[in-house]
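For the sequence shown, my numbering assigns the number 2 to the initial residue and increments by one for each residue that follows.
We put the CB at the ideal spot given by N, CA and C, even for glycine.
In what follows, a single structure is set out as structure tokens and then discussed.
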Amino acid sequence: MAAAALSAAAFAEDTIKIGEYASLTGKEAAFGQSSHKGTLLAVEELNAAGGVLGRQIELVTEDDQTKQGESATIVKKLISREKVVGILGEVASMRSLEAAPICQAYRTPMISPSSTNPKVTEIGNYIFRVCFIDPFQGTVMAKFAKETLNLRRVALLTSVSSAYSVGLAKYFKERFVADGGEIVIEQKYTEGDKDFNAQLTAIKAAGVDGIFVPGYYTEAALICRQARELEMTMPLFGGDGWEAPELIAIGGSAVEGCYYSTHYSPQVDTPAVRAFVAKFQARFDGETPDAMAALGYDSAKVMVDAIRRAGSTDGPAIRDALAATKDFEGVTGSTTMDKNRNATKAAVVIMVKDGKFKFVQSVAP
2 MAAAALSAAA FAEDTIKIGE YASLTGKEAA FGQSSHKGTL LAVEELNAAG GVLGRQIELV
62 TEDDQTKQGE SATIVKKLIS REKVVGILGE VASMRSLEAA PICQAYRTPM ISPSSTNPKV
122 TEIGNYIFRV CFIDPFQGTV MAKFAKETLN LRRVALLTSV SSAYSVGLAK YFKERFVADG
182 GEIVIEQKYT EGDKDFNAQL TAIKAAGVDG IFVPGYYTEA ALICRQAREL EMTMPLFGGD
242 GWEAPELIAI GGSAVEGCYY STHYSPQVDT PAVRAFVAKF QARFDGETPD AMAALGYDSA
302 KVMVDAIRRA GSTDGPAIRD ALAATKDFEG VTGSTTMDKN RNATKAAVVI MVKDGKFKFV
362 QSVAP
């Protein structure tokens, strides 16, 4: 759906503005578009129920176009010009790291739906997230590789230009080696690369039984395709950066039998998930919401719940209420903020089977 079609309707001046920055265009637009749909659905529901503090919520969304440096510029504009009381974003850790110092300096609370790099919330006490962090995600996939896939000799193929990829590779490696596995070879690439044959040829020669690719869906899909073209039959697997329909659209049959960890599955049979999927499909022409949509939805609900509990639109008051968030029941599970403003959440493992995403298992913290 086009960004223009997703924009909020015109509001009266007496509204509470919440800012959102996301990649609605550019290389990782699937992430931002999905998260935005979830956020928009949450805001529409909240407004239909009366808004918060007796006022309607106005969602002010800006497109950072997946461009380096754009997030900081946008967030400064949202705070200084639009006068938003809180910020939702970004989906990707690298862009959250760009914008978080601005929010911290202005004492404007920011919630990232899905930035998993631990450094994001380390920026300061106004920065929060509603997702798990990479040390947990890396542990989940290391255990899954060792215990479920029975892998012993694994290769790492890491994007050196992505804070998310580098961090997730580190935590996977630490746990996999601690559990008795071996990282036989480590290869690197840069975001935007399209030819991975040199790295994959080296990995093939090393004789591994699996490849961990902690990157984003575009490169992951191409890596899978080129690995299969080299007749490499071992499983490839990654983290939540693989979460997008484009993984299958780009990768085709090459991503069959591949795995990734993420935050939620629409196939998990709980009342909250069933209700969310039904509402999302009714709002967005039958589209099934992915984890980014679910996290976008939860981030908006958590922010507004904090505004309600604070009884104020004052930044420090909202910050304190966010920090006190405990057992908030959302689509992606129960959210309690720890002392570092991170949410402790379960993860799910997904596989590609018959051209579709299939829930494999849930892994608790």
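For residue i, name the three-state secondary structure that DSSP assigns.
i	result
V167	helix
S97	helix
A4	Bear in mind that a pLDDT of 39 at A4, under 50, signals an unreliable position, so the model cannot answer this.
K359	strand
T159	strand
T202	helix
Y127	coil
R108	coil
F145	helix
L223	helix
I17	strand
V175	According to the sequence shown, residue 175 is Glu rather than Val. Three-state result, E175: helix.
F197	coil
V185	strand
F133	coil
V209	coil
L41	helix
F238	strand
R284	helix
A23	strand
R153	coil
Y190	strand
S113	strand
V364	strand
Quick check on the burial criterion: 16 or more other C-beta atoms within 10 angstroms. Buried or exposed for residue i?
i	result
A348	buried
T191	exposed
D65	buried
E99	buried
T234	exposed
P366	exposed
T122	buried
I17	buried
E29	buried
E330	exposed
E220	buried
Q69	exposed
D286	exposed
G356	exposed
Rank the options by C-alpha distance to the C-alpha of residue i and give the top, closest one.
i	options	result
V44	A294, T140, T202 and A325	A294
T1	V92, E59, V131 and A100	One cannot answer for residue 1 here, as it falls past the ends of the chain, which runs 2 to 366.
R82	V141, I19, Y298 and I112	I19
I134	L152, A164 and E247	A164
E257	A50, F137, A222 and Y190	A222
S97	I75, V86 and V85	I75
A371	G193, R310, S262 and F285	Missing from the structure shown is residue 371; the chain here goes from 2 to 366 and no further.
G181	K195, S162 and L152	L152
S363	T62, K144, Q66 and L41	K144
E71	V85, K84 and I103	I103
D15	N343, K359, G211 and T314	T314
F32	A206, G87 and A93	A93
A228	A245, D210 and G51	D210
R108	V167, G87 and K120	G87
G253	L79, F281, E230 and A273	E230
I204	A156, R226 and A245	A156
G27	D321, K78 and G193	G193
Tell me, to the nearest whole angstrom, how far the beta carbon of residue i is from that of residue j; I am working on the premise that it is less than 8 Å.
i	j	result
E21	L60	6 Å
Q186	F177	With the sequence shown as reference, residue 186 is identified as Ile, and Gln is not the correct amino acid for it. Going by Cβ atoms, the distance from I186 to F177 rounds to 13 Å, so no, they are not a contact pair.
Y260	G242	With 8 Å as the limit, Y260 and G242 do not qualify as a contact, their Cβ atoms being about 13 Å apart.
A301	T40	5 Å
L323	A307	4 Å
F377	F137	With the chain running from 2 to 366 in the structure shown, residue 377 is simply not present.
L158	I224	6 Å
L47	V305	5 Å
P110	G316	6 Å
P215	G239	6 Å
Within the present structure, is the beta-carbon of residue i separated from the nearest heavy atom of the ligand HEM by less than 7 Å?
i	result
T345	Among the components of this structure there are no ligands whatsoever, and the ligand HEM is therefore not found.
Practice problem: With a floor of 3 residues, list each beta strand (DSSP E) that falls wholly inside the region 248-278, ordered by position along the chain. | Solution: 260-263
Self-check item: Ordered list of beta strand (DSSP E) runs contained in the region 44-99, each at least 3 residues
Solution: 57-64 and 87-89
Self-check item: Ordered list of beta strand (DSSP E) runs contained in the region 311-360, each at least 3 residues
Solution: 329-331, 334-336 and 348-354
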